[in-house]
Structures are given as structure tokens and as C-alpha cells.
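See structure below.
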Amino acid sequence: MVLPWHHNFSLYTGLLSALIIMPGYSAEQDVDIIATVVSTTCQTEFSDNGIINLGTVGMNYFPDNVTAETDLAGGKTFTITVLDCKDNGTGVSPSRLKIDFKPKSGQLATGNLQVFANEDEQQPTGAKNVGIVIFSRQPGETPFNVLQTDGSSRSVFPVTPSSLVNSSWQFYARMQRVVNTTPPEAGEVKSSVLVDVHYE
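Counted from 1, the sequence shown has number 86 at position 86 by UniProt numbering; the numbering is strictly sequential.
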């Protein structure tokens, strides 16, 4: 089972923007546009070139009581190394490193926003009701799912300017039953994930 990590994550654009359109009923309406340009992105390197092969598991790997928050064996650890971070003249001294994991498709698993969807689920050979979860596994820290229950990121780590460059961050990926009340079906599982690394 191969979990290909799309290689666009090595240096994310660093441009984050939001378009907020206020609801209204008139044909003429003001539009507020709010944008943030982030110049504090980091160059990164991924273990195994970002390809994570989770192997094969049996159907007994998916018991009813294992949730997307359960730190369960049977997956694979991978490392993200921060090689270089640019401040581009901002003068921002790093105090927090944010590592955001997002589905390349833009959609998390239906029924569980802490699970990355199986891109092959609709294929005849794709596993049903099975996705991928990713956990932060930093030494000395309690492991946690990188996604909150609403699907937003929660991988934020305290850093100092001297500890940031050439720092390595451990993560763990495994398969997860998407909805525990529905039995999984055997097949292939694949998920492509984009990773945005920047500091604040």
C-alpha cells in the first residue's frame, strides 16, 4: 500500500489568502477582501522522498473501538527535516513552527474530518471506509492526530531561531476506519497529502 506524498510540499508558496464575501440581497454589495502574505516559509526534506508504504493489514486491524485519536501500531514513521527558513526581511524571530497537512484533493474523508480520504475508494479495487491518519510523534511528547475533529491543523511546535534550522520532526501514518459504525471493505488505499511548513 503506497501513500504518495505530493512533492509540492518542499516549499509551499507562502501566500495565504482568504476571500470573504458578506451575504446580502442587493445587486450592489461591498466585498471585503482580506489577505495575508507569509514570507516565513521553510525548505524541507522528507524521509524516503515522501513515499510512505504502509504495507498490508488484515480486516482485524480495524476494530470498532479504534478512533482517529488512537495511537495504534501497524503504520510507519516518517521524518520531516527543516533545512532552511527565510524571513525575507521581515525580522520575525521564530517562536512557533507550523506543519500543516492538507489533502491534495481538498477533501477529507466523508464522515470523519480527522482522516485523509482514500483516493481509490470509488475504484473497483479500492478499500471502502478506510483512510489514512497522521500523528505527530515528537520525542518526549504525547502523540496526537495532526488534524482536529473539525479538520483544521493542530501541528504547532515551539521553536527558537537556533533550534529551527536542521530540525527533524517525527510523524506516523497508519490506516484508519473512517466511520466506526460501518464495516470496512478490503482493497487498496492511497492518499496524497500536501504539507505546508512555516514559522511564526
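All residues carry an ideal CB built from backbone N, CA and C; glycine is no exception.
The structure displayed is predicted, hence computed values, not measured ones.
Asked                                                                                                                                      : Found
According to DSSP, which residues form a beta bridge with Q43?                                                                             : D84
If we count the other Cβ atoms within 10 Å of its Cβ and call it buried at 16 or more, is residue 201 buried or exposed?                   : It is not possible to answer for residue 201, since the shown part of the chain is limited to 1 through 200.
Name, in chain order, the residues that DSSP records as bridge partners for D71.                                                           : D71 pairs with nothing; no bridge assigned.
Among all the DSSP beta bridges, which residues are the ones paired with L147?                                                             : S153
Which same chain residues, not among the five before or five after V179, have their C-beta less than 8 Å away from its C-beta?             : G111, N112, N129
Alpha carbon to alpha carbon, how far is V82 from L97? Give it in angstroms, no decimals.                                                  : 10 Å
Less than 8 Å between the CB atoms is what I'm expecting for G50 and Y61, so what's the real figure, rounded?                              : About 24 Å separates the two Cβ atoms, so there is no contact after all.
Out of N65, D84, V57, state which residue places its alpha-carbon closest to the alpha-carbon of S167.                                     : D84
Along the chain, where does the alpha helix (DSSP H) that runs through S162 open and close?                                                : 161 to 164
Among residues of its own chain, excluding the 5 on either side of S153, which ones have a beta-carbon nearer than 6 Å to its beta-carbon? : D100
What does the alpha-carbon distance come out to for the pair R177 and D71?                                                                 : 13 Å
What's the call for G58, buried or exposed, on a 16-neighbour Cβ count within 10 Å?                                                        : exposed
Between the beta-carbon of F78 and the beta-carbon of S191, is there less than 8 Å?                                                        : no
Excluding the 5 residues flanking K76 on each side, which residues of the same chain have their C-beta closer than 8 Å to its C-beta?      : I52, N53, L54, G55, Y172, A173, R174
Just the C-alpha distance for G131 and K102, rounded to the nearest angstrom, thanks.                                                      : 14 Å
Please identify the residue among N145, V189, E119 whose C-alpha is closest to the C-alpha of Q170.                                        : N145
For S95, which residues does DSSP report across the bridge?                                                                                : Note: S95 sits in no beta bridge, so no partner.
So what's N53 in DSSP terms, helix, strand or just coil?                                                                                   : strand
Is it true that the CB of I80 sits closer than 8 Å to the CB of V165?                                                                      : no
Which full runs of the beta strand (DSSP E) of 3+ residues lie inside the segment 174 to 200, going along the chain?                       : 193 to 199
My output table needs one value for D120: the three-state DSSP class, helix, strand or coil.                                               : coil
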